[in-house]
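J.: Take this structure first; my questions come after.
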Amino acid sequence: MNEFDRRSSEPARAAWLYYAEELTQSQVADKLGVSRSTVIRLLRRAKESGLVQISLGVSSETFATERDLEDKYGLKKARIVPVAETEEMQRRWLGQVAGEALIEMVKSNSTVAVSWGRTMLAMADSLTGEAPTSNMQIVALIGGLHNASRGTNPYEVAEQLGKYFGAPARALYAPVYVKNAATAEGLRGDSGLSEALDLARNADLVAFSVGALSDEATMLSLGYVNPEERDFLAARGAVGDIACRWVDSNGTEVEMPDTIHPIGISLRSLRKIPDRLAVAGGPDKIDVLRASLVGGYVTHLVTDEASAATLLSS
1 MNEFDRRSSE PARAAWLYYA EELTQSQVAD KLGVSRSTVI RLLRRAKESG
51 LVQISLGVSS ETFATERDLE DKYGLKKARI VPVAETEEMQ RRWLGQVAGE
101 ALIEMVKSNS TVAVSWGRTM LAMADSLTGE APTSNMQIVA LIGGLHNASR
151 GTNPYEVAEQ LGKYFGAPAR ALYAPVYVKN AATAEGLRGD SGLSEALDLA
201 RNADLVAFSV GALSDEATML SLGYVNPEER DFLAARGAVG DIACRWVDSN
251 GTEVEMPDTI HPIGISLRSL RKIPDRLAVA GGPDKIDVLR ASLVGGYVTH
301 LVTDEASAAT LLSS
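Using full-length UniProt numbering, the first residue of the sequence shown is number 1, and each one after it goes up by one.
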């Protein structure tokens, strides 16, 4: 392929918009006038043809840091990505390496539970090529958000993984939080939701991110936790959420307001899942990421260099 062909090819154009201009896959699709699935195929072709070569500049020092994290927190495996210049690029790098970790961890005839969020979606988006396993099941870990943007829909990440692995995907068709206990119990008693929850509890592998107790976090910025509820949680030592359940610095679940009743598996159930992949980074998530490690919720970790250094120094 000559240089003109390279520049004018659709894979190269899609790759430029995605990697250089940092557009999302949906935005690239709009620019090119194609579907998002076509964009995924174009990006895959760009990688496979050598148009795109990704280098994260990993050094031997990085591998030593990964080993130190494994030793300090009793992890089976830790992976570190460089600190990116933008949040969007950081999510992509975290998602890319998380996707690689997921591929190594999954086995045929297994069930994978997954939470939602932009980092989880970046992981799902990164998966290309032929799936290495068969006869799998994918299930959402928690309910979702009604006014969902991309990444916070309860079904989206599970659906993406299901498409890649050629596996059925189950969602929890319910809000992540409901306002009263009776409604929560009624939802949990629904046969379809109950079956999905049982499937998640008995998963072989779970992939999740964590959220900070800050006004910029998804749960607060979208109004699913209001200022009064935030203050209630903060007064009880909450530093963030794991699977939308709020924990203190030791990873212990704190008392929640009477107006917050989660729809999803409990932290006790999450901790019983054999392999637990946490994917998160950034200074705002350090406290809750550390809490998830100290609390024993994580067996496999993907984070950035700066977060890793902070986790080791504390």
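From the three backbone atoms N, C-alpha and C, an ideal C-beta is built for every residue, glycine too. As the structure is a prediction and not an experimental result, all values here were calculated from the model.
(1) State the CB to CB distance for the pair isoleucine 80 and aspartate 287, rounded to an integer number of angstroms; the pair is presumed to be in contact (CB under 8 Å).
(2) Does arginine 258 pass the burial test, meaning 16 or more other C-beta atoms within 10 Å, or should it be called exposed?
(3) What first and last residue would you give for the alpha helix (DSSP H) that runs through glycine 296?
(4) Count the other C-beta atoms from every protein chain shown that fall within 10 angstroms of the C-beta of glutamine 90, then say buried if there are 16 or more, exposed otherwise.
(5) Can you tell me which of Ser49, Glu22, Thr133 and Lys272 puts its alpha carbon nearest to the alpha carbon of leucine 161?
(6) Could you name the residues that DSSP lists as bridge partners for alanine 278?
(7) If you draw a straight line from the C-alpha of aspartate 125 to the C-alpha of glutamine 25, how long is it?
(8) Hey, alanine 203 and valine 139: beta-carbon distance below 8 Å or not?
(9) Report, in whole angstroms, the separation of the C-beta atoms of leucine 75 and alanine 12, which I expect to be a contact under 8 Å.
(10) Starting from glycine 95, trace the alpha helix (DSSP H) in both directions and tell me its first and last residue.
(11) Kindly indicate the opening and closing residues of the alpha helix (DSSP H) around aspartate 258.
(12) Taking 7 Å as the limit between beta carbons, can you name the residues of its chain near lysine 163, skipping five residues before and five after?
(13) Counting Cβ pairs, one atom from each stretch, are 3 or more of them under 8 Å apart for the segment 59–73 and the segment 26–46?
(14) Do methionine 120 and valine 157 count as a contact pair if the criterion is CB distance below 8 Å?
(15) Would you check whether the ligand PLP has a heavy atom nearer than 7 Å to the C-beta of glutamate 70?
(16) Is arginine 6 helix, strand or coil by DSSP?
(17) Have a look at the DSSP bridge pairing and note the partners of isoleucine 242.
(18) Per DSSP, glycine 177 is paired with what?
(19) Identify every residue that forms a DSSP beta bridge with isoleucine 142.
(20) On a Cα-Cα basis, can you pick out the residue from Thr310, Ala64, Gly166 and Gly143 that is closest to asparagine 135?
(21) With methionine 123 and leucine 102 assumed to form a contact (beta carbons below 8 Å), what rounded beta-carbon distance in angstroms separates them?
(22) I'd like the list of long-range same chain contacts for histidine 261, defined as Cβ closer than 8 Å, with 5 residues on each side in sequence excluded.
T.: Walking through what the data contain:
(1) Rounded, the Cβ-Cβ distance is 19 Å, inconsistent with contact.
(2) As written in the sequence, residue 258 is aspartate, which differs from the arginine given in the question. With fewer than 16 other Cβ atoms within 10 Å, it is exposed.
(3) Under the DSSP assignment, glycine 296 falls outside any alpha helix (DSSP H); it carries neither an H nor an E label.
(4) With 16 or more neighbouring CB atoms inside 10 Å of its own CB, glutamine 90 falls in the buried class.
(5) The residue from Ser49, Glu22, Thr133 and Lys272 with its alpha-carbon nearest to that of leucine 161 is Thr133.
(6) Its beta-bridge partners are Phe208 and Leu301.
(7) Going by the C-alpha atoms only, they are around 9 Å apart.
(8) Alanine 203 places its beta carbon less than 8 Å from that of valine 139.
(9) So it is not a contact: roughly 39 Å between Cβ atoms.
(10) For glycine 95, the enclosing alpha helix (DSSP H) covers residues 87–105.
(11) That residue, aspartate 258, is in no alpha helix (DSSP H); it is neither H nor E in DSSP.
(12) Nothing meets the Cβ criterion.
(13) Judged by pairs of C-beta atoms under 8 Å, the segment 59–73 does not touch the segment 26–46, as fewer than three such pairs exist.
(14) Taking 8 Å as the cut-off, the beta carbon of valine 157 is found closer than this to the beta carbon of methionine 120.
(15) The ligand PLP is not part of this structure, which contains no ligands at all.
(16) Below a pLDDT of 50, predicted positions are generally treated as unreliable, and arginine 6, at 36, falls in that range; the measurement from the model is reported next regardless. The answer is helix: DSSP assigns arginine 6 an H, G or I state.
(17) Answer is Val210 and Arg245.
(18) Looking at the sequence shown, residue 177 is not glycine but tyrosine. Per DSSP, Pro262.
(19) Answer is Gly264, bridged to isoleucine 142.
(20) The candidate whose alpha carbon is nearest that of asparagine 135 is Gly166.
(21) Right, the Cβ-Cβ distance comes to about 7 Å (below 8 Å), so this counts as a contact.
(22) Within its own chain, the residues whose Cβ lies closer than 8 Å to the Cβ of histidine 261, once the five positions on either side in sequence are excluded, are Tyr177, Val178, Lys179, Asn180, Ala181, Thr183 and Ala184, listed in chain order.
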